[in-house]
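The next block holds one structure in the form of structure tokens; read it before the comments.
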Amino acid sequence: MKSYFVYLIVSKDKNKTTSYVGYTSDIKKRLLLHNTNKGAKFTRGRKWKIIYKKKYFSKSLAMRGEYLLKKNYYLRKKIKKRNKF
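Quick note: the sequence shown uses this note's numbering, first residue -11, plus one each step.
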């Protein structure tokens, strides 16, 4: 059975922290794509670090989890604070 991950990555420039939420079936490969300017257009030109990931056992559940995390700024802020970002 294939598993999927919802992840939150952050990048810090001077005084600004930028975050991005996505989903993937291969989290290591996806982070490499983000860090080599081949990921999502929004993530290009920055160095990213994964601070949160959650495993799902279906693509549809992962897509739903991604959507909910993207819209829940309070939860994203809480995760960043817990990881000192």
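Don't be surprised by glycine CBs; every beta carbon is placed ideally from N, CA and C. As the structure is a prediction and not an experimental result, all values here were calculated from the model.
Tell me whether residue i is buried or exposed, calling it buried when 16 or more other Cβ atoms sit within 10 Å of its Cβ.
i: SER13; result: exposed
i: ARG70; result: exposed
i: ARG18; result: buried
In three-state terms, what does DSSP make of residue i?
i: THR31; result: helix
Straight-line CA distance for residue i to residue j?
i: THR5; j: MET51; result: 24 angstroms
Tell me which same chain residues have a C-beta within less than 7 angstroms of the C-beta of residue i, skipping the five on either side of it?
i: LYS42; result: PHE(-7), VAL(-6) and GLY53
i: LEU(-4); result: SER7, VAL9, ILE39, TYR40, LEU57, ARG64 and ILE67
i: LYS(-10); result: SER13
i: LYS37; result: ILE(-3) and VAL(-2)
i: SER48; result: none
For residue i, which residues in the same chain have their Cβ closer than 8 angstroms to its Cβ, ignoring the five residues on either side in sequence?
i: LEU21; result: GLY27
Would you mind giving the Cβ-Cβ distance between residue i and residue j, rounded to the nearest angstrom? I have them listed as a contact below 8 angstroms.
i: GLY33; j: ASN25; result: 7 angstroms
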